[in-house]
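One structure below.
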Amino acid sequence: MDLLTYVLPGIVILAGLIIFFGSFFTVRSQTVVLIERFGKFSRVANAGLNFKLPIMETARTLSLATFQLDGKIETKTKDNVFVALPVSIQYRVIDHPEAIRSAFYKLVNPKQQIESYLYNILLSHIPETDLDDVFTSQPAIAKRATDELSSEMKDFGYEIVKVLITDVVVDDSVAKAMNRINAEQRNKVANQAQGEAEYVLKVKQAEADAEVRRLQGVGIAQERQAIADGWSKAITDLGQGGHMTDKEAAFLLMFTNYTDMMSRVGESKNTTMVFMPSGPQSITDFQQALTNAQLAMEK
43 MDLLTYVLPG IVILAGLIIF FGSFFTVRSQ TVVLIERFGK FSRVANAGLN FKLPIMETAR
103 TLSLATFQLD GKIETKTKDN VFVALPVSIQ YRVIDHPEAI RSAFYKLVNP KQQIESYLYN
163 ILLSHIPETD LDDVFTSQPA IAKRATDELS SEMKDFGYEI VKVLITDVVV DDSVAKAMNR
223 INAEQRNKVA NQAQGEAEYV LKVKQAEADA EVRRLQGVGI AQERQAIADG WSKAITDLGQ
283 GGHMTDKEAA FLLMFTNYTD MMSRVGESKN TTMVFMPSGP QSITDFQQAL TNAQLAMEK
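Convert by adding 42 to the 1-based position in the sequence shown; the result is the number in the numbering used here.
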């Protein structure tokens, strides 16, 4: 009896201390605690020191950190090519009491639910898109999936941070065919560019040749004009001296020009022998030929 008198108060005090200190608990950062009173949701305890009624209330922890779910979806494009899309979903619980309550109680397996919604969204878009557009519009498809999945999961207390389509995987034969098509297109563009360059080069060369010929013609015309002016002046000068008539002066100039020409031909490297009239009769014949040429020009 005396032993019970001493032991019982100690037991009561110990139990009281256990209950008292067990009523206080701490919540870590990026987590929340849902307080249930006799199994029914009561409130949300945030990070820091919190209190709950002993025995009557229990605590359940839920993380607010951002999680990533990786998966792969296989489907067919509009042009009947089967593709595999590795996807990553970044999601987290919305930091709001009602959203926290929904996230904890409405979904038994949030990962599976999010994955199912995403697959349903992508399967409704990819079959309406050609393979080339799947590659080029990959960020737009991911953005659209993020928006639609966020709208679906908001009622369950989850925020979809981002949906990432990390790759577009096709069969090797399809990839090789696409590479051949791209190579042929690039070769076509390269050949077209080369043809245009050659065309421009030929046009420019033709324009340059035409300009050269024009300048040569101008030079020849100027040279002939200078010769004509020189002959006219020489004939005038010889005639003004009173010793020669115009015909005699013209003959002298023609003869002098002829001998100068033959002298230059003889000096040419490509000429080995030049035959010129050397006898008196030959000189007379040559003079007569020049006179006849002069008379023919006057007619």
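All C-beta atoms, glycine included, are put in the ideal place defined by N, C-alpha and C. Computed from a predicted structure; not experimentally measured.
| Query | Result |
| --- | --- |
| How is the beta strand (DSSP E) around K114 delimited, first residue to last? | 109 to 118 |
| Compare the C-alpha of P139 against each of D209, G261, R85 and name the closest. | R85 |
| When you compare only the Cα positions, how much space is there between A235 and Q227? | 12 Å |
| Tell me whether A331 is buried or exposed, calling it buried when 16 or more other Cβ atoms sit within 10 Å of its Cβ. | exposed |
| I'd like to know if the stretch 103 to 119 and the stretch 128 to 146 are in contact, where contact means that at least 3 CB-CB pairs between them fall below 8 Å. | yes |
| Could you check if S71 belongs to the surroundings of the ligand ATP, using beta carbon to heavy atom distance under 7 Å? | This structure simply doesn't include the ligand ATP, nor any ligand for that matter. |
| Here's the rule I'm using: 16 or more other beta-carbon atoms within 10 Å means buried, otherwise exposed. How should V254 be labelled? | exposed |
| Does the beta-carbon of L91 have 16 or more other beta-carbons within 10 angstroms, so that it is buried, or is it exposed? | exposed |
| Quick one: what's got a C-beta closer than 7 Å to V205's C-beta in the same chain, skipping five residues either side? | V129, I131, L160, A184, A187, T188, L191 |
| Contact check, D125 vs L173 under 8 Å by CB: the rounded distance? | Note that residue 125 is Val in the sequence shown here, rather than Asp. Rounded, the Cβ-Cβ distance is 7 Å, consistent with contact. |
| Put K148 into one of helix, strand or coil per three-state DSSP. | coil |
| Give me the DSSP bridge partner(s) of P128. | K114 |
| Assuming L106 contacts Q155 under a Cβ cut-off of 8 Å, what Cβ separation, rounded to an integer in Å, is found between them? | L106 to Q155, Cβ: 18 Å. No contact. |
| For I136 versus G81, is the C-beta spacing smaller than 8 Å? | no |
| Just grab the DSSP bridge partners of I202 for me. | Y133 |
| Please go through the same chain and pick out, in chain order, the residues whose beta-carbon is closer than 8 Å to the beta-carbon of H167, but skip the five residues on each side of it. | I183, R186, A187 |
| Can you check DSSP and say which residues form a bridge with V211? | A126 |
| Just verifying my parser: in three-state terms, what is the DSSP assignment at L243? | helix |
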